[in-house]
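Student:
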Amino acid sequence: VHDGSETNFVVFEQLCAASPESPLGSLLPAAALEDSRRSQQFETLVAAMEKLGMSAETQQSVFRVVAALQEMSQLTFDSSHSDESTALSFDSSRVADLLGCSNSTLHALLGSRRIGAVHETVTVVNFTAKQATRTCNELAKSLYARLFACLCRFMNSRLSPEPAPDAEELSLNQSKLDDTESGVVGIVNVLDLPGLDTVPLQAHSGESLGFDQLCSNYADERLHNLFLTCAVKKAQSDYLKQGLRWDPIE
615 VHDGSETNFV VFEQLCAASP ESPLGSLLPA AALEDSRRSQ QFETLVAAME
665 KLGMSAETQQ SVFRVVAALQ EMSQLTFDSS HSDESTALSF DSSRVADLLG
715 CSNSTLHALL GSRRIGAVHE TVTVVNFTAK QATRTCNELA KSLYARLFAC
765 LCRFMNSRLS PEPAPDAEEL SLNQSKLDDT ESGVVGIVNV LDLPGLDTVP
815 LQAHSGESLG FDQLCSNYAD ERLHNLFLTC AVKKAQSDYL KQGLRWDPIE
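Laid out in C-alpha cells, this is it:
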C-alpha cells in the first residue's frame, strides 16, 4: 500500500520541471513546476537515454507522447452536457499537435462514435461529457502502455549482447519485447504492482469495497507471491551452484 510520501508517474513531474532552455522546452506545459529535484532527475533521465544510444529525435518523440498524456489529463468536458444531439465543445488542438495527428480526427475520436455495418450508412453519435471523459482516459492508458512497451523493447535491444538492427526504431505499434530470430536473449523485466486498492470506487457513498476490487486485490497478492517465489528460488539455485552459504527459505 502506498503511503503519502510516494509518487507515481514521476516522469510527468520531471517534464513539468524541466528547464525552458532545454531542447525539449517547447514541450513544457503551461503550468510549469518549480522543483529543482525533479529538474535534476529529468536531466539524469535524458543523460541515461543518451547513454543507451537514443537519438535526440527519438527522445523528442518519447517526450511528445508524455507531454500529450499530460495535456490529455487537463482536457475538460462540460459536465452539464448530456444531450447526444449536439456535439461537445472542447479544445484538443494542443494534444493533436503533440501526437502529430489531425485535430479534427482526434476531436471526433474523443467526442463521438460511429455506428454502422459494412455497406450500411454510418451514423455518428455524439458523446456525453461522461462518455468523452471515459474515452479520453482509455486512450491515455493505451498510449502510455504502448510507449512503455516500446521503451522496454528499446532497452532490451541496447542491453543485449547483439543489438537488433532496428534498435533505434521506436514504434507505438510494436509491442513485442523479444526477438528470438535475431538471437537476442538479454531482457529487462519490470513488475509494476499497483498495490492494494483500499478506497471504494464511490468513496462518497460510504460503501465498502466492491467484489471487483476484492478480485483485483486477490490477483495482486497472488502475482506478488508468484514473483517473490520465483525470485527466491532462482537466487537459492544460483547460491547452491556457486557453493555459497545460504539458509534455505521455504
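Under our numbering, think of the first position of the sequence shown as 615, with each following residue one higher.
For glycine and all other residues, C-beta sits at the position ideal for the given N, C-alpha and C.
Since the model is a prediction, treat every value here as computed from it, not as a measurement.
Among residues of its own chain, excluding the 5 on either side of Ala-833, which ones have a beta-carbon nearer than 8 Å to its beta-carbon?
Tutor: Nothing listed; no residue qualifies.
Student: Tell me which same chain residues have a C-beta within less than 7 Å of the C-beta of His-818, skipping the five on either side of it?
Tutor: Annotation note: pLDDT 46 at His-818 (below 50); position unreliable, coordinate value reported separately. Correct list: empty, nothing qualifies.
Student: Is there contact here, the stretch 759-770 with the stretch 714-724, by at least three beta-carbon pairs under 8 Å?
Tutor: No, because fewer than three Cβ pairs between the stretch 759-770 and the stretch 714-724 fall closer than 8 Å, the two stretches do not touch.
Student: Please report the residue range of the alpha helix (DSSP H) in which Thr-719 lies.
Tutor: First-last of the alpha helix (DSSP H) with Thr-719: 717-725.
Student: Which of the three DSSP states, helix, strand or coil, is assigned to Ala-709?
Tutor: Before going further, note that residue 709 is Val rather than Ala in the sequence given. DSSP places Val-709 in helix when its eight states are reduced to three.
Student: Taking only three categories from DSSP, how would you classify Thr-742?
Tutor: In the structure shown, Thr-742 sits in coil (DSSP, three-state: anything other than H, G, I, E or B).
Student: Please state whether DSSP places Lys-790 in a helix, a strand or coil.
Tutor: Since pLDDT at Lys-790 reaches only 44, below the 50 mark, its modelled position is unreliable, and no value is offered.
Student: Tell me Arg-728's beta-bridge partners as DSSP assigns them.
Tutor: According to DSSP, Arg-728 bridges with Val-738.
Student: For Leu-773, name the three-state secondary structure that DSSP assigns.
Tutor: Residue state, collapsed to three classes: helix.
Student: Between Thr-672 and Val-736, what straight-line distance do the alpha-carbon atoms span, to the nearest angstrom?
Tutor: Cα to Cα, Thr-672 sits roughly 38 Å from Val-736.
Student: Thinking just about the alpha-carbon of each residue, which of Asp-811, Leu-807, Glu-835 is nearest to the one in Gly-824?
Tutor: When each option's Cα is compared against that of Gly-824, the closest is Asp-811.
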